[in-house]
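Line by line, the protein sequences give chains A and B. 1 is the number of the first residue of the first sequence in the working numbering; add one for each residue after it. 1001 is the number of the first residue of the second sequence in the working numbering; add one for each residue after it. Note that beta-carbon positions come from the ideal geometry of N, C-alpha and C, so glycine has one too. Below is one structure, written out as structure tokens; the observations come after it.
Number of protein chains: 2
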Amino acid sequence: MGSRLVVIGGGAAGMSAASAARRDDPHLEIVVLETGPDVAYGLCGIPYYLSGEVARADQLLAYPPEVFRDRRRIDVQTGATALSLDPERHSLRVTQHGEERTVNYHRLIVAAGGAPVLPPLPGLDDDLVFTVRSLEDAVALRSLLDAGRIGRALVVGGGYVGLEMAEALRTRGVSVTVVEMLDQVMPNLDGPLAALVEKELLRHDVDLRLATGLERVVRDVDGLHAVVGGEVIDVDAVVVAVGVRAAGGLAAQAGAATGPGGALTVDDRMRTSLPDVYACGDCIAPYHRVLGRPAFVPLGPAANKTGRVAGTVAAGGDAQFNGIVGTAVVKVFDLAVARTGLTMAEAEAEGLSPVATDVEGRSRAKYYPGAQPVTVRLVHGVAGRLLGAQMVGNDGVAKRIDVVAAALQAGFDVDDLADLDLSYAPPYAPVYEPILLAAQRASSTLHQQPVPA
Amino acid sequence: MGSRLVVIGGGAAGMSAASAARRDDPHLEIVVLETGPDVAYGLCGIPYYLSGEVARADQLLAYPPEVFRDRRRIDVQTGATALSLDPERHSLRVTQHGEERTVNYHRLIVAAGGAPVLPPLPGLDDDLVFTVRSLEDAVALRSLLDAGRIGRALVVGGGYVGLEMAEALRTRGVSVTVVEMLDQVMPNLDGPLAALVEKELLRHDVDLRLATGLERVVRDVDGLHAVVGGEVIDVDAVVVAVGVRAAGGLAAQAGAATGPGGALTVDDRMRTSLPDVYACGDCIAPYHRVLGRPAFVPLGPAANKTGRVAGTVAAGGDAQFNGIVGTAVVKVFDLAVARTGLTMAEAEAEGLSPVATDVEGRSRAKYYPGAQPVTVRLVHGVAGRLLGAQMVGNDGVAKRIDVVAAALQAGFDVDDLADLDLSYAPPYAPVYEPILLAAQRASSTLHQQPVPA
């Protein structure tokens, strides 16, 4: 008998791992254990399925199941949950369709993903409370929307997922209240940029409640009610989006080392501290190149990349993952909101004495139709080392942040950034690209030169 | 009396230089000599003024003349042409409004720009032959368009300016023939990518004539005719866009060192080889960081940046320009066409044994509305050193090329590029961003690993 690779989790990371392992070794037996009914679906597409912009749930599948089963010869087992891990015996206890059994492995990849955090509040077990982190949950909510049964909804959490949900629901004509414990939305943005996002929410008639919290959800003869900061709000549904926790507890319980957020820590080949056990995706804390240590930032690109590395290495090949720099973008109605590296708050928390340089540039030549403001914050050290950037705008923001992500990976300072030879044509950028404007402003301030008008 | 700085040329580079000098030294006397009637206009906006997307010519002015004259106290002299330069005496002979005089300087900045190349063919002195590199020329052509007097036009040259002109004219309903001597459009792109641009031109009913040339323009009683490859074409106007030559001949004649294209060579402070003479903008050959030597690439961003450095240094301050990497983007109808670094042809001409890796990615998640193909070519060395990239697509291409521009400046290889932590959200990018896809493909090929599906 040949070698057996078992992958726990059929999400983006797990299926990337299984596929990479197959590419590396055509003879390996590859088993994927997935608790839910679907594999390889794009979680990030759920808001657009709810809004109707994506017509059918199956469009969110990266590939149909047959591609994995037939073409890649991956034994995908749905409804199968790993209960415990015995690293010495190289075995798992697995429950599937009400039966429990032992599954042995030569190599194991833990790609258990992230689980939605559900605060310990009364009433969150109601059928009309959704976390929308599975296709099933999304299908249930969408059918209620399609049936016109949701007139008003409460979104708990003002982070990026909460705001995507708020937009999706508003797009369907639902009255939306967003409640956020902090005094700003998007905790991973600095206040002045978050304020632009708040304006955009208000402009789209989102009822925004900051610095307050959901207390409980109550159902009575009149229907569902949410108590928010002492006030009772009648709602037809509640969406809870207060964050995600790493779901690799099975490996942690078996002794695997963990780091920030209780996520599994791995080396650059995705090896955990347990022999023959690899981990990838939202259950790990990958290395953060700007922080210089692991960080828990569960996002799609790293899930795919770490999955691919874990699968390649577990199959006997070589690959490595050199970390993240904290890049993220989200669409909030007409705004793109992007960040990379560290915010001021994050850099201050590291004791870095950061400096913020803020500019408002334009997305296109000022005379070209459709030119829009692009607000840029650069975060850098007092000697000019680039630490991060944030951008908000409604034209060409997402790929602009990537320029700074590349600069962070290169270890640039603000002068290097100002030196960049960036593309220019009136329909796409002003001759002084906003990134360059910000870098020049930062450089002028540091060198105490006069600041250009 | 204080010090006098004279700037030859009131375009983007000259006015950037004059403004930077004023920021650095509030007391300097600053004189700008400009041959034409306008200063600080955006040449790159002319196609959009012709198409009508920009309503008025004055919208192309970066600032109204009063800003320079009153607020920045710059003595802007229009209709003034420098005829000769005596570097030992620090003086210029200048003609203005029919009178000739001597102008002395302490420091001189040559920002004479680029002059359109006019091939030595019969008939190009006709009033209906335009080069469209001045606002006056553009205003004349636009008024003919507005009067409905141009039904058919010939554009000579299939480079980026020619194609922008073709688009502008088609937008006005004009029948357009483009004639290009080479066997492809966009000589600064490799053939396979240029072919996508050619398709786009045909899709918009541009009559494209490759590998042939204009022979002469003839006017007779029936009107204007162009002879192209022996065929006579009736036209109402001819636009010549076959390139630009550096217009710093005055300094070259006075002994300043020149490089590629006869352009002035400068150091990183924009000093020419003549004492107290600086140069900037389209009349210089700036340092090309990938080639490792000066190159003549007359484009707007470097004009502005080198202008700023020349002005700062000439006024006694310190600044430096560290070069270009050859980044450019152009809109051709619905396509954005972008490049940075070296093409295969350019890298081969350097003797670099380059390798091309081509991929077709998507601009957004495949399920998200509006996702479009993005064709990427990476050019790299056999050991993986990144040399350049080209991209063609109609969604989100311009800022994607900038990521590679940053990577080139950083000296990345294809593995570094594949490591980039780029932004992802379904409306803005697929989880495997096209740049990363190309970098991974290149890396897999180099390491002879299996190529991902």
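DSSP lists Val1239/B as the beta-bridge partner residues of Phe1130/B. Only residues of its own chain outside the window of five on either side were considered, and among them none has a CB closer than 7 angstroms to the CB of Gly1351/B. Look at Arg308/A here: in three-state DSSP terms it is helix.
Assignment of Tyr105/A by DSSP, reduced to helix, strand and coil, places it in the coil class.
Using beta-carbon distances, Val329/A counts as an interface residue toward chain B, with a partner under 8 angstroms. Per DSSP, the continuous beta strand (DSSP E) segment holding Arg152/A begins and ends at Arg152 to Val156.
Between Ile1324/B and chain A, the shortest Cβ-Cβ separation is below 8 angstroms.
In the three-state scheme derived from DSSP, where H, G and I count as helix and E and B as strand, Tyr49/A is classed as helix.
Around the beta carbon of Pro120/A, fewer than 16 other beta carbons lie within 10 angstroms, which makes this residue exposed.
Scanning Leu436/A, Ala263/A, Leu274/A and Ala211/A for the CA closest to the CA of Asp86/A turns up Leu274/A. Around the beta carbon of Glu346/A, 16 or more other beta carbons sit within 10 angstroms, so the residue counts as buried.
The secondary-structure analysis by DSSP pairs Arg1149/B with nothing; it has no beta-bridge partner. According to DSSP, residue pairing for Tyr1278/B in a beta bridge involves Ile1109/B and Arg1271/B. Within the segment 1417-1450 of chain B, Leu1417, Ala1418, Asp1419, Leu1420, Asp1421, Leu1422, Ser1423, Tyr1424, Ala1425, Pro1426, Pro1427, Tyr1428, Ala1429, Val1431, Tyr1432, Glu1433, Ile1435, Leu1436, Gln1440, His1447, Gln1449 and Pro1450 place their CB atoms closer than 9 angstroms to a CB of chain A, listed in sequence order. At a Cβ-Cβ threshold of 8 angstroms, Glu1099/B and Pro1037/B do not count as neighbours. In the three-state scheme derived from DSSP, where H, G and I count as helix and E and B as strand, Gln1390/B is classed as strand. Remark: C-beta atoms of Thr340/A and Ala405/A approach each other more closely than 8 angstroms. A contact is defined here as three or more CB-CB pairs under 8 angstroms, and the segment 307-321 of chain A fails this definition with respect to the segment 390-405 of chain A. Across the set Gly370/A, Ser444/A, Leu386/A and Ala365/A, the C-alpha of Ala365/A shows the shortest separation from the C-alpha of Tyr1041/B.
By the Cβ criterion, the segment 242-249 of chain A is not in contact with the segment 67-81 of chain A, since fewer than three pairs of Cβ atoms, one from each stretch, lie closer than 8 angstroms.
Taking 8 angstroms as the threshold, the shortest C-beta distance from Asp1395/B to chain A does not fall below it.
Taking 8 angstroms as the CB threshold, Pro373/A stays off the interface with chain B. Distance from the Cα of Val239/A is smallest, within the candidate group Val155/A, Arg293/A, Glu167/A and Gly223/A, for Val155/A.
At least one CB of chain B lies nearer than 8 angstroms to the CB of Val54/A.
The alpha carbon of Asp146/A has as its nearest neighbour, out of Met165/A, Phe130/A, Leu124/A and Gly173/A, the alpha carbon of Gly173/A. A direct Cα-Cα distance of roughly 27 angstroms separates Ala1257/B from Gln1409/B. Close CB contacts of Tyr367/A within its chain, under the 8 angstroms cut and outside five residues either way in sequence, are with Pro426 (chain order). In the three-state reduction of the DSSP assignment, Thr357/A falls in the strand class, which pools E and B. Under the three-state reduction of DSSP, Ile324/A is assigned to strand. Every beta strand (DSSP E) of 3 residues or more that sits fully in the segment 140-222 of chain A is shown, in chain order, as 152-156, 175-180, 207-210 and 214-220. Within the same chain, no residue comes within 6 angstroms of Ser1143/B by CB-CB distance, once the 5 residues on both sides are set aside. For Ile74/A, the three-state secondary structure derived from DSSP is coil. Taking C-beta atoms as the reference points, Gly261/A and Phe296/A count as a pair closer than 8 angstroms. When Cβ-Cβ separations below 8 angstroms define contact, Ile1401/B makes contact with chain A. Contacts with chain B at 8 angstroms (Cβ-Cβ) do not include Cys280/A. The alpha-carbon separation between Val1139/B and Val1039/B amounts to approximately 15 angstroms.
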